[in-house]
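Asks: Going down the list, the protein sequences come from chains W and A. Quick note on this note's numbering: the first sequence kicks off at 1 and runs consecutively. Quick note on this note's numbering: the second sequence kicks off at 1001 and runs consecutively. Have a look at this one.
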Amino acid sequence: MNSALLLTAPAAVPLLTAAAYALTGTRTPRPGRHPAAWPGLVSPLAILLCGTLLAAGVLKGGARTACSGLLRADALTVWMLLVVGAVALIACGATPAYLAGERTAERTTARTARRYHVLVHAFLAAMCLAVVSANLGVLWVAVEATTIVTAFLVGHRRTRTSVEAAWKYVVICSAGIALAFLGTVLIYYAARQAGIAEAWALDWPTLVARSGRLDPAVTRLGITLVVLGFGAKAGLIPLHAWLPDAHSQAPAPVSALMSGVLLSVAFAAILRYRVIADAALGTDFTRLLLAGIALLTLALAAGLLLSQRDYKRMLAYSSMEHMSLIALAAAIGGPLALSAALLHIAGHGLAKSVAFCASGRILQLTGTTRIGRVRGLLARTPAVAGLFGCAVVALMAFPPFSLFASELGIARAGFRAGSGLAPVMAAALVLVLVAFAAFAARTARMLFGPAPAPPAVPEGTAVWPLGLGLAACAALGVSLGPLTGLLHAAARAIGGH
Amino acid sequence: MSSGLYTQLLDLACGAFLLAAVIVLWRHELAALVRAFALQGVALAAIAVFLGGHEERWDLIAVGLGIGVLRAGVLPYLMRRALAALAADRGSEEVRETQPLVNVAASLLTAALLTLLAYAVGRPLTRLDPTPAAHALPVGLAVVLIGFFVLATRRRALAQVVGFLLLDNGITATAFLATSGVPLIVELGVSFDVLLAVLVLQILTTRMREAFGTTDIDDLRELHDR
């Protein structure tokens, strides 16, 4: 099939869906009529379809390019596209029930619901563009665009807390990601000085092929800025402060997308730059940088999980914990660690989006995000509470869920990699255990116990996307099946030889 | 353009560029901050135009003029409009930075230290390609650092926006001085993103005033971990 079509569709279809939602608003809507939610499933399905078709092509014939080299699909692109599509399917599938709940509570109108749909699909388009772009400058533009379109999603409810969260989100992420742009400029400078032509000096494959000629001092400065900048968007220290606020205030399906894929799309950018840096500087520099940032983020997340009293913020800090594990795997490097990192991205995306979507339903049923005020969920709403519990179990990396396999892989690679990383790995495992204990104790308090009141609201019908997400996460943990070749090819593409 | 005159004009524009950032640290009225930012936009456009004239590249001159329109015209206009809305609604206490976290003398001293730091960090960059433009490159880095400082120490929402834009101007200047600008498609994307970010922040400022009754960032303290 035409690779230009397959490469443009993942960004173009969500953009068209967003436009379609925007255009239905130009006619005066009848009162009480809300925009249909089912077209929302078109974008995730299109992304998944393009990902599958591209996977076959990439595994058979290597990387595909289109639009005079601006768009490119290698195995990493395909892996990320599949993860984005799967998580978007869960989030968009849970959206109708979520919006119905908001309408019952009179927190949303036809107008705000339409704006919500427009922004969510624009958000998906920006993420897909970031994934398929071969030009590191366009990649930056797409990641910054995600900040802009999600700003009003974070502030969707217009309360004091959500306005505060949106302000912090835009200011910290824009300033942080500006650092990544400065880093990109410096890499471009180094590439131009190394004799690469203007049109190709930000092209990822060209840079990888000629990275040995980049000036080490300039590259070192550039890479540090890039890791700090995209790290801000991926929820890593030191510019992580927006994350718990934004994730706790955004509507549940948006939190699911932000936590499940936005963080890892930003981290995929770091993985791309890491290949260039390793060839120009040797592996020690990025290893030290990423391991240090990962350990600090992990320590902060574990500490704050211990003192957490709000379940949506608890899930947000758990995202930081998992992102730092992925960063640690990137620091270790090598085929095993990089494959484990990519598998962890997929497993975390699936499990966390289920957890966030379920938490949105719990918030609608109980009216509070305080852990202490939620009791007896299992007796009250067995289906939602059961799914939430299973998702938390998956996030604690129990088998059969795939996070068990990936964390085991990261730990094995860490202890095998050499004497320098063994103490780091040991410290990380202790911190993961602390987070695990906090997570387990808090969730148990919410789930068990007698129901405080009769279930006044009927359970939503949004159980199928969440069940599907958990099933996919468990299936990945048992066997990769047809994805095995793709995962190894993706790890090879980012330097796991 | 003779090379001596070019170097002098370029250095003059870079000097004005840095000076505008220092004026932002010095003044407390938000209107003065916006004026200083507009002045910096003019200096940035001048840098691009001088570089384009020197290299005889018309596309670079056109990009420079476009950047001038955006950063000395459109963005200051948007901020002035937000400021006028604030003044009409809340009176004079909203248009001044009341109690910045760091006083003026300490801010100016910090700016001097940050500039020194920028020159120290920028040494490998200058050494790689010692042209007059690359010698002025640390000025861009210094403005990036000053922008971060403004962002971290000012309390009014609009002052923070000015800080973010200083940061962005600094990066654009660095890109011009190092490599005569990034490729056009990237430059267009970046300018568009910045414009949208400012529009988003402007709308959020309005919502913040509706929700909190002020644009003082210190009042944003409802979200915390306990």
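Just so you know, even glycine gets a beta-carbon here, dropped at the ideal spot from N, CA and C.
Can you pull the chain W residues whose beta carbon is under 9 angstroms from the beta carbon of L1086 (chain A), in chain order?
Replies: Here the premise fails: no neighbours, minimum Cβ distance about 15 angstroms.
Asks: Please report the residue range of the beta strand (DSSP E) in which A73 (chain W) lies.
Replies: L71 to A73
Asks: So, at 8 angstroms on beta carbons, what are the nonlocal neighbours of H1135 (chain A) in its own chain, with the 5 sequence-adjacent residues on each side left out?
Replies: T1126
Asks: Let's test the definition: count the other Cβ atoms within 10 Å of the Cβ of T77 (chain W) and tell me whether it reaches 16, buried, or not, exposed.
Replies: buried
Asks: To the nearest angstrom, how far is the alpha carbon of P205 (chain W) from that of I270 (chain W)?
Replies: Distance between the alpha carbons of P205 (chain W) and I270 (chain W) is about 15 angstroms.
Asks: For the beta strand (DSSP E) that contains T108 (chain W), what are its first and last residues?
Replies: No beta strand (DSSP E) contains T108 (chain W), which DSSP labels as neither H nor E.
Asks: So the candidates are W:L387, W:R111 and W:L377; which of them puts its Cα closest to the Cα of A462 (chain W)?
Replies: Nearest Cα to A462 (chain W) within the set W:L387, W:R111 and W:L377: W:L387.
Asks: Just curious, the alpha helix (DSSP H) that R313 (chain W) is in, first and last residue?
Replies: Y311 to I332
Asks: Using a 10 Å radius around the Cβ and a threshold of 16 neighbouring Cβ atoms, would you call N1103 (chain A) buried or exposed?
Replies: exposed
Asks: Does DSSP put D1218 (chain A) in a helix, a strand or coil?
Replies: helix
Asks: For a contact meaning CB atoms closer than 8 angstroms, what does I371 (chain W) contact in chain A?
Replies: Those do not exist, as I371 (chain W) stays about 12 angstroms from chain A at its closest Cβ, beyond 8 angstroms.
Asks: Could you tell me whether any Cβ in chain W is nearer than 8 angstroms to the Cβ of R1155 (chain A)?
Replies: Taking 8 angstroms as the threshold, the shortest C-beta distance from R1155 (chain A) to chain W does not fall below it.
Asks: Around the C-beta of P96 (chain W), are 16 or more other C-beta atoms found within 10 angstroms, so that it is buried, or is it exposed?
Replies: Burial of P96 (chain W) is indicated by the presence of at least 16 other C-beta atoms within 10 angstroms of its C-beta.
Asks: As a quick exercise: from A:T1172, A:F1176 and A:G1147, pick the residue whose alpha carbon is nearest that of V1162 (chain A).
Replies: A:G1147
Asks: According to DSSP, is T65 (chain W) part of a helix, a strand, or is it coil?
Replies: T65 (chain W) falls in the strand class under three-state DSSP.
Asks: Going by beta carbon distance, what residues of the same chain come within less than 6 angstroms of L124 (chain W), once the five residues before and after it are set aside?
Replies: P14, S43 and A88
Asks: Is the beta carbon of S359 (chain W) sitting closer than 8 angstroms to the one on L315 (chain W)?
Replies: yes
Asks: Measure the C-alpha to C-alpha separation of V432 (chain W) and S248 (chain W) and round it to an integer number of angstroms.
Replies: 22 angstroms
Asks: So, S351 (chain W) versus L447 (chain W), is the Cβ gap smaller than 8 angstroms?
Replies: Correcting the residue identity first, residue 351 (chain W) is Ala in this sequence and not Ser. For A351 (chain W) and L447 (chain W), no; Cβs fall outside 8 angstroms.
Asks: Alpha carbon to alpha carbon, how far is L1101 (chain A) from L1109 (chain A)?
Replies: 14 angstroms
Asks: For my contact list, W464 (chain W) and G40 (chain W) are in at a C-beta cut-off of 8 angstroms; report their separation, rounded to the angstrom.
Replies: W464 (chain W) to G40 (chain W), Cβ: 15 angstroms. No contact.
Asks: Excluding the five sequence neighbours on either side, which residues of its own chain have a C-beta within less than 7 angstroms of the C-beta of L139 (chain W), listed in chain order?
Replies: A130, S133 and A269
Asks: Examine the Cβ distances between the stretch 277-295 of chain W and the stretch 144-159 of chain W and report whether three or more of them are shorter than 8 angstroms.
Replies: no
Asks: Apart from the five residues just before and just after L1018 (chain A), which ones in its own chain have a Cβ nearer than 8 angstroms to its Cβ?
Replies: For L1018 (chain A), the CB contacts under 8 angstroms within the same chain, skipping 5 residues up- and downstream, are T1115, V1139, A1142 and V1143 in chain order.
Asks: Closer than 9 angstroms, Cβ to Cβ, to anything on chain W: give me those residues from the stretch 1099-1121 of chain A, in chain order.
Replies: Contact annotation: in the stretch 1099-1121 of chain A, residues whose CB is within less than 9 angstroms of a CB in chain W are V1121.
Asks: What is the C-beta distance between I326 (chain W) and L421 (chain W), in whole angstroms, given that I count them as a contact (C-beta under 8 angstroms)?
Replies: That pair is no contact at about 15 angstroms.
Asks: How would you list, in chain order, the residues of chain W whose beta-carbon sits under 7 angstroms from the beta-carbon of Q1160 (chain A)?
Replies: V171
Asks: Any C-beta of chain A within less than 9 angstroms: which residues of the stretch 226-257 of chain W qualify?
Replies: Against chain A - using a Cβ distance shorter than 9 angstroms - the residues of the stretch 226-257 of chain W are P244, D245, S248 and Q249.
Asks: Given a cut-off of 8 angstroms, decide if H156 (chain W) and A234 (chain W) are closer than it, judged by their beta-carbon atoms.
Replies: no
Asks: Could you name the residues of the stretch 146-173 of chain W whose beta carbon sits closer than 8 angstroms to any beta carbon of chain A, in the order they occur along the chain?
Replies: T147, I148, A151, F152, G155, R158, T159, R160, T161, V163, E164, A165, A166, W167, K168, V170 and V171
Asks: Tell me whether R1156 (chain A) sits in a helix, a strand or coil according to DSSP, three-state version.
Replies: strand
Asks: With a cut-off of 8 angstroms, do at least 3 Cβ pairs link the stretch 1150-1162 of chain A to the stretch 98-114 of chain W?
Replies: no
Asks: What whole-angstrom Cβ distance do P399 (chain W) and G477 (chain W) have, given they're in contact under 8 angstroms?
Replies: 6 angstroms
Asks: Within its chain, find whatever has a CB closer than 6 angstroms to the CB of R313 (chain W); leave out the 5 residues flanking it on each side and keep chain order.
Replies: P244 and S248
Asks: So, does the stretch 200-216 of chain W touch the stretch 60-78 of chain W, judging by three or more C-beta pairs under 8 angstroms?
Replies: Taking 8 angstroms as the limit for Cβ pairs, the verdict is that the stretch 60-78 of chain W does touch the stretch 200-216 of chain W.
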